Every structure is written in structure tokens, then in C-alpha cells.
Ligand SMILES: [Mg+2]
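In my numbering, the protein residues as written are 11 to 243.
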């Protein structure tokens, strides 16, 4: 957002619209004062911050200060490949640490669990190497009592529907980053597009389809900038 006013305005509208939690991007220069302003207006709403690896363990004090805002989690505060410093940070803050970028395969999930680097894991099938790995990480986390949630990576309707199906597994307990097609695409390259619906209690949601949407070959062709054919013998 360009300004704090724009941010507060956007958050206010989303909360009024029934969205169940607030996720704030958090970086040096756009941190505690921003967070404090949002928390002041939404004292009871679940809030978490996503730091996208913007900090180092030397910023420990900042995260100890942020503990006072009673956040649901700190998402990926430290470097993208780290599980060691995150473990140290988690020992020294009250708020749960959530790993995103750092859990890029099943092995990293095992290490993070063993080192106690986090108390949440964000799973994106496209980050961890597909659906099979996503389920394996979900199962490892469930056994370790670490809740998960589905993150988003600008999926088309095809990828987003996979995310919806995954999000129904038992250990995905925190609201997902799954967006309707219209948020990112004028025309989704999968049909039918993923649409925002209202759940019976009024909260916004999406509907899983029985079958995965089809990639739309004409649109795909129109948008293709490069193509390669791989052949096996
Ligand atoms: Mg993230």
C-alpha cells in the first residue's frame, strides 16, 4: 500500500466483508508503527505478519517488541534457507514462528521440526515440489502437532483448485491464502475460473470443483512467450 491510510482503509473493508484474518507484509521501514496502527483499529481480529526473509537474528529485539501485539504468527522472519536461526528466534519470542520459504522440500520440513524452528508451516504445493510433497509435509507436521495453512503463489484456476483440495486435509487449520481468479487474472488460463462465494455463515470462501478445471489452450497459446519440447529416449 502507498500509505498507512490506504492500508487501514483496505483492511477495514476486508474485515467488514467478513475475511477471518489479517495478513500484513512487514519489512524494515514498514514495521512496528504500521502494525500498531492496524492492531489499534482491530483489537480482536487475528493478525499475522509476513516478513519474507527481511530480517536477521540480530533483529531479535524487534520481534520481542512485536510480541505485545498478540499476533497469530511471524511468517518467515529470517533468511529463506534458514532453519537454525529461526529455532533460536522461536526460543526467545512468545509469538509462534511460521516457516514459508525455508520449507522448500520434505527434508527441510524434517529439519525444521527436529530443531523446533517453528510452530506453524505454510505449505505451497508449487514451492515444495508438488502435491505429493505437500501431503508428506502436512503429515509430518501433523505428527509433530504443528498446524499448517495453504499459501498462495498466483495460481491459475488449475493450481488454485489443487490448493483448495489440499486445504481440506485435517491439519490445515489456519485460513488459507487462496484467491479467486479475478484477483490476479483478467482471464484465467484455466476454466472455469475460481470464484469467491459466501459460506453459510457469511464468510468469504471458494468452492472446490469435483474435477480440476481444464487449462484453456487458446488463452495459453496467446500468452506463451517461449516453448520447449523435451524428449526422452
Ligand atoms: Mg510468505
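By construction, the Cβ of each residue, glycine as well, lies at the ideal position given by its N, Cα and C atoms. Source: prediction; values computed, not measured.
Looking from the CA of residue 197, the closest CA among 179, 124, 167, 177 belongs to 167.
Counting only the Cα atoms, residue 229 lies some 31 Å from residue 111.
Residue 148 sits away from residue 109, with the two beta carbons spaced by 8 Å or more.
For residue 35, the beta-bridge partners assigned by DSSP are 60.
Cβ-Cβ separation between residue 187 and residue 215: approximately 13 Å, too far for a contact (criterion under 8 Å). Using a Cβ distance threshold of 8 Å, residue 176 and residue 138 do not count as a contacting pair. Along the length of the segment 62-135, whole alpha helix (DSSP H) runs at least 4 residues long occupy 70-76, 94-102, 116-125, reported in chain order. Beta bridge pairing from DSSP links residue 200 with 225. The three-state secondary structure of residue 215, taken from DSSP, is strand. Nearest to residue 25 by C-alpha distance, out of 193, 79, 123, 49, is 49. In the displayed model, residue 208 falls within a strand according to three-state DSSP. In this chain, the alpha helix (DSSP H) harbouring residue 147 covers 141-153. With at least 16 other beta carbons inside 10 angstroms of its own, residue 133 counts as buried. Excluding the 5 residues flanking it on each side, residue 74 has same chain C-beta neighbours closer than 8 Å at 102, 103, in chain order. Cβ atoms of residue 45 and residue 79 come within 8 Å of each other, at about 6 Å. Excluding its 5 nearest sequence neighbours in each direction, residue 51 has C-beta neighbours in its own chain below 8 Å: 18, 21, 22, listed in chain order. If you draw a straight line from the Cα of residue 123 to the Cα of residue 100, it is about 12 Å long. Here residue 172 has 135, 141, 165, 222 as same chain residues with Cβ atoms under 8 Å from its own Cβ, once five neighbours each way along the sequence are excluded. Of the heavy atoms belonging to ligand 1, none sits nearer than 7 Å to the Cβ of residue 220. Counting every other CB atom within 10 Å of its CB across the protein chains shown gives residue 207 a total below 16, marking it as exposed. Of the residues assessed, residue 118 falls on the buried side of the cut-off, its CB having 16 or more other CB atoms within 10 angstroms.
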